[in-house]
């Protein structure tokens, strides 16, 4: 009897179920609870109302949407092109080398990578401005207010384009060979094969990888925090960074709780809409 | 002729892609071997006298070993706890017909959506109340938010891939279910468990957001230490900053090359 209990599925699952509850659901409930209070007591949803008139909230929402849409779109287009190039044009040996190299920006410690970009973006001693100088172009303040957003988007693109390439490359290599052979025999052009065979066959994988990237782009933290800290002048303040700074720089934990719960809410909503869309198609 | 042109274009494109992927890391590596004057020289020096003094400085003058060791011990603690809790759950999900299996799997998967900052606000207050701020335990628990679901998903995929006949044969031979799990299943998936452990180690070691808030000095991790170099007065000490950064990047890159094939599976929670 005792032995059976030790291997019953409930006994095996319970510790993990409980721990996941303790580190994900419970903190969410607690943070939501915090958002309903200020120093003096219960205020209900007042902080959520305050957000609608908080210019920094709107600014960071806008920044988040710009950051996510531009970086994810570029990463996807570039990542797909690179995957197709590696799949079609390279020998098996080069393919293997490329796959190893692509791991580097994805796996290496983000905060350490951010130091590299900070150094390269330096207005006086940075290598990027040096190259611009060679091309007789004016030096730029890469992390200054007008270019900070494009600059952090470039870092994000560098970090995650190869992730999309690797996922799609894995997909391409798993595709069945027959339809492609048949299409070639029937005289289909390269363009037609991609349009009518490759893209439809990879569609689910593409939607999945986009979904993952959108979720992760909302959470982007290290590269922004370590290069611009949301500045200068709030130009790179995303919702995630805004919630973090409100909590841990200005110690306004209750309001930060409201912002972060709102962010989690739109993130969850977006994911459900996208998954539903996927199922409909 | 056409063949040569094609080869040339392919080579150039490959070179550009590799350059784009590796340049920032290469640049840090190069700076880490330079004397301060060379590091800031313009135009950048192609030839310079390399030095290990930056690494020496970081390792011996900055308490780096302490923070690095903190990172390693916290990561090992977090991975051990995740494996201990996650492997039985993965086994149950893979080998039993559970009534609400899909719901349970979705429950674990949805942790992938979780927002660190939401958890962090709650953790900060509760660990403060429990007097756990700046301890290993705080980070080991916090890292379960991403590592436990990861371990469950990846381990489950390894158990799924293992044929059931060996387990069934052992049961017929009079082995108990628990004995079969411990003596048959675990040894067979051991390489998979090691892969999972390395993956989880990478994510734990790379964490910055939890470590930045939940530790101050005693449990400070290497990532938080590196961030400390960004203060205005240290801003241009690129030779030191880059040596510190490389000391984090190199071990993680070695680990990630070991588990290359599974890194993408880990990042997509087995969806790909």
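Protein chains in written order, with our numbering: chain X, 986 to 1266; chain A, 435 to 706.
The C-beta atom is built at its ideal place from N, Cα and C for all residues, glycine as well.
Note that this is a predicted model, so its numbers are computed, not measured.
Give me the residue from the options with the minimum Cα distance to residue i.
i, options, result
"residue 1246 (chain X)", "X:1225, X:1169 and X:1041", "X:1225"
"residue 1271 (chain X)", "X:1004, X:1264 and X:1056", "Nothing can be reported for residue 1271 (chain X), as the shown portion of chain X is limited to 986 through 1266."
"residue 663 (chain A)", "X:1215, X:1216 and X:1211", "X:1211"
"residue 502 (chain A)", "A:515, A:645 and A:616", "A:645"
"residue 551 (chain A)", "X:1249, X:1214, X:1004 and X:1127", "X:1249"
"residue 1091 (chain X)", "A:703, A:687, A:520 and A:625", "A:687"
"residue 657 (chain A)", "A:539, A:665, A:640 and A:671", "A:640"
"residue 1254 (chain X)", "A:669, A:569, A:544 and A:495", "A:544"
"residue 486 (chain A)", "A:496, A:500, A:504 and A:466", "A:466"
"residue 1004 (chain X)", "A:542, A:448 and A:469", "A:542"
"residue 583 (chain A)", "A:443, A:701, A:457 and A:442", "A:701"
"residue 469 (chain A)", "A:451, A:538 and A:489", "A:489"
"residue 1188 (chain X)", "X:1157, X:1087 and X:1174", "X:1157"
"residue 1007 (chain X)", "A:704, A:519 and A:444", "A:519"
"residue 457 (chain A)", "X:1258, X:1144 and X:1172", "X:1144"
"residue 1182 (chain X)", "X:1111, X:1209, X:1264 and X:1160", "X:1160"
"residue 629 (chain A)", "A:586, A:452, A:507 and A:609", "A:586"
"residue 994 (chain X)", "A:439, A:462, A:530 and A:444", "A:530"
"residue 538 (chain A)", "X:990, X:1223 and X:1001", "X:1001"
"residue 670 (chain A)", "X:1109, X:1044 and X:1019", "X:1109"
"residue 1267 (chain X)", "X:1079, X:1229 and X:999", "Absent from the model: residue 1267 (chain X). The displayed extent of chain X is 986 to 1266, so no value can be given."
Leaving out five residues before and five after residue i in sequence, what residues of the same chain have Cβ atoms less than 8 Å from its Cβ?
i, result
"residue 660 (chain A)", "675, 678, 679 and 682"
"residue 535 (chain A)", "527"
"residue 1169 (chain X)", "1178"
"residue 665 (chain A)", "none"
"residue 611 (chain A)", "605"
"residue 1123 (chain X)", "1117"
"residue 986 (chain X)", "Confidence in residue 986 (chain X) is poor, its pLDDT being 43 and thus under 50, which makes the residue's placement too unreliable to answer from."
With a CB to CB cut of under 6 Å and the five nearest residues on each side skipped, what residues in its chain are close to residue i?
i, result
"residue 498 (chain A)", "492"
"residue 626 (chain A)", "592"
"residue 1251 (chain X)", "none"
"residue 1067 (chain X)", "1150"
"residue 672 (chain A)", "465 and 473"
"residue 604 (chain A)", "614 and 618"
"residue 568 (chain A)", "649, 650, 652 and 653"
"residue 635 (chain A)", "509 and 513"
"residue 1190 (chain X)", "1156"
"residue 1221 (chain X)", "1133, 1134, 1137, 1209, 1213 and 1215"
"residue 1111 (chain X)", "1105"
"residue 1063 (chain X)", "1146"
Closer than 7 Å by C-beta to residue i: which residues in its own chain qualify, once you throw out the five before and the five after it? Chain order, please.
i, result
"residue 1207 (chain X)", "1095, 1096 and 1099"
"residue 1129 (chain X)", "1217"
"residue 690 (chain A)", "636 and 697"
Is it a yes or a no for the region 479-490 of chain A touching the region 691-706 of chain A, going by three-plus beta-carbon pairs under 8 Å?
-> Output reads no: the region 691-706 of chain A does not touch the region 479-490 of chain A.
Cβ contact (3+ pairs, closer than 8 Å) linking the region 469-478 of chain A and the region 590-610 of chain A | Between the region 469-478 of chain A and the region 590-610 of chain A, the count of Cβ pairs shorter than 8 Å is below three; the stretches do not touch.
Go through the region 1173-1216 of chain X residue by residue and report every complete run of the beta strand (DSSP E) that reaches 3 residues or more, in order.
-> Listed in chain order, there is nothing to give.
Contact residues within the region 1078-1102 of chain X, judged by C-beta distance below 9 Å to chain A | Those would be 1079, 1082, 1083, 1084, 1085, 1086, 1087, 1088, 1089, 1090, 1091, 1092, 1093, 1094, 1095, 1096, 1097, 1098, 1099, 1100, 1101 and 1102, in chain order.
Anything in the region 1123-1153 of chain X with a Cβ closer than 8 Å to a Cβ of chain A? List those residues in chain order, please.
-> Going along the region 1123-1153 of chain X in chain order, one finds 1143, 1147, 1148, 1151 and 1152 with a Cβ nearer than 8 Å to chain A.
Please determine if the region 1227-1246 of chain X and the region 1035-1049 of chain X are in contact, where contact requires at least 3 C-beta pairs separated by less than 8 Å.
-> A contact is defined here as three or more CB-CB pairs under 8 Å, and the region 1227-1246 of chain X meets this definition with respect to the region 1035-1049 of chain X.
Residues in the region 1046-1064 of chain X having any Cβ partner in chain A nearer than 7 Å = Answer set for the region 1046-1064 of chain X: empty.
Go through the region 1220-1258 of chain X residue by residue and report every complete run of the alpha helix (DSSP H) that reaches 4 residues or more, in order.
-> Here the runs fully enclosed are 1224-1233.
Identify each residue in the region 605-616 of chain A for which the Cβ-Cβ distance to at least one residue of chain X is less than 7 Å, and report them in chain order.
-> For the region 605-616 of chain A, the beta-carbon criterion of a distance under 7 Å to any beta-carbon of chain X is satisfied by 610, 611, 612 and 615.
Where the region 1210-1241 of chain X meets chain A: residues whose CB sits under 7 Å from a CB there | Only those residues of the region 1210-1241 of chain X whose C-beta falls short of 7 Å from the nearest C-beta of chain A are listed: 1211, 1225, 1228, 1229, 1232, 1233, 1238 and 1241.
Determine, using beta-carbon pairs with one atom in the region 613-623 of chain A and one in the region 543-563 of chain A, whether at least three such pairs fall under 8 Å.
-> The region 613-623 of chain A makes no contact with the region 543-563 of chain A: fewer than 3 CB pairs, one atom from each, lie closer than 8 Å.
Give, in chain order, every residue of the region 1182-1207 of chain X whose Cβ lies closer than 8 Å to some Cβ of chain A.
-> Going along the region 1182-1207 of chain X in chain order, one finds 1190, 1193, 1194, 1197, 1200, 1203, 1204, 1206 and 1207 with a Cβ nearer than 8 Å to chain A.
Between the region 1158-1176 of chain X and the region 1090-1104 of chain X, are three or more C-beta pairs nearer than 8 Å?
-> No contact exists between the region 1158-1176 of chain X and the region 1090-1104 of chain X.
Within the region 544-571 of chain A, ranges of the alpha helix (DSSP H) (whole runs, at least 4 residues) | Within the region 544-571 of chain A, the complete alpha helix (DSSP H) runs of at least 4 residues fall at 550-563.
Decide yes or no for the touch test of the region 1042-1062 of chain X against the region 1131-1146 of chain X: beta carbon pairs closer than 8 Å, at least 3 of them.
-> Under the three-pair Cβ rule at 8 Å, the region 1042-1062 of chain X counts as touching the region 1131-1146 of chain X.
Which full runs of the alpha helix (DSSP H) of 4+ residues lie inside the region 453-493 of chain A, going along the chain?
-> Listed in chain order, they are 470-473.
Touching or not, the region 573-582 of chain A and the region 510-530 of chain A, by the rule of three or more beta carbon pairs under 8 Å?
-> Flag = yes, the region 573-582 of chain A and the region 510-530 of chain A touch.
Contact residues within the region 577-606 of chain A, judged by C-beta distance below 8 Å to chain X | From the region 577-606 of chain A, only 578, 579, 582, 583 and 586 have a Cβ closer than 8 Å to chain X.
Examine the Cβ distances between the region 1192-1208 of chain X and the region 1143-1158 of chain X and report whether three or more of them are shorter than 8 Å.
-> Judged by Cβ distances under 8 Å, the region 1192-1208 of chain X makes contact with the region 1143-1158 of chain X, as three or more pairs qualify.
Identify each residue in the region 496-525 of chain A for which the Cβ-Cβ distance to at least one residue of chain X is less than 7 Å, and report them in chain order.
-> Listed by position along the chain: 519, 520, 522, 523 and 525.
Report yes or no: do three or more beta-carbon pairs, one from the region 1104-1124 of chain X and one from the region 1069-1077 of chain X, lie closer than 8 Å?
-> With a cut-off of 8 Å, the region 1069-1077 of chain X and the region 1104-1124 of chain X do not count as touching, because too few Cβ pairs lie within range.
Of all the alpha helix (DSSP H) runs that stay within the bounds of the region 1076-1116 of chain X, which reach a length of 4 or more residues?
-> Qualifying alpha helix (DSSP H) stretches, in chain order: 1077-1092 and 1095-1105.
Could you list the residues in the region 1246-1257 of chain X with a C-beta less than 8 Å from some C-beta on chain A, going in chain order?
-> So the close ones are 1246, 1248, 1249, 1252, 1253 and 1256.
Select from the region 1104-1124 of chain X all residues with a C-beta closer than 7 Å to any C-beta belonging to chain A, and list them in chain order.
-> For the region 1104-1124 of chain X, the set of residues with a beta-carbon nearer than 7 Å to any beta-carbon of chain A comprises 1104, 1105, 1110, 1112 and 1115, in chain order.
Which residues, in order along the region 544-558 of chain A, keep a beta-carbon less than 9 Å from a beta-carbon of chain X?
-> Hits within the stretch, in order: 544, 545, 546, 547, 548, 549, 550, 551, 552, 553, 554, 555, 556, 557 and 558.
Taking a cut of 8 Å between CB atoms, which residues from the region 1015-1034 of chain X lie near chain A?
-> Hits within the stretch, in order: 1015, 1016 and 1019.
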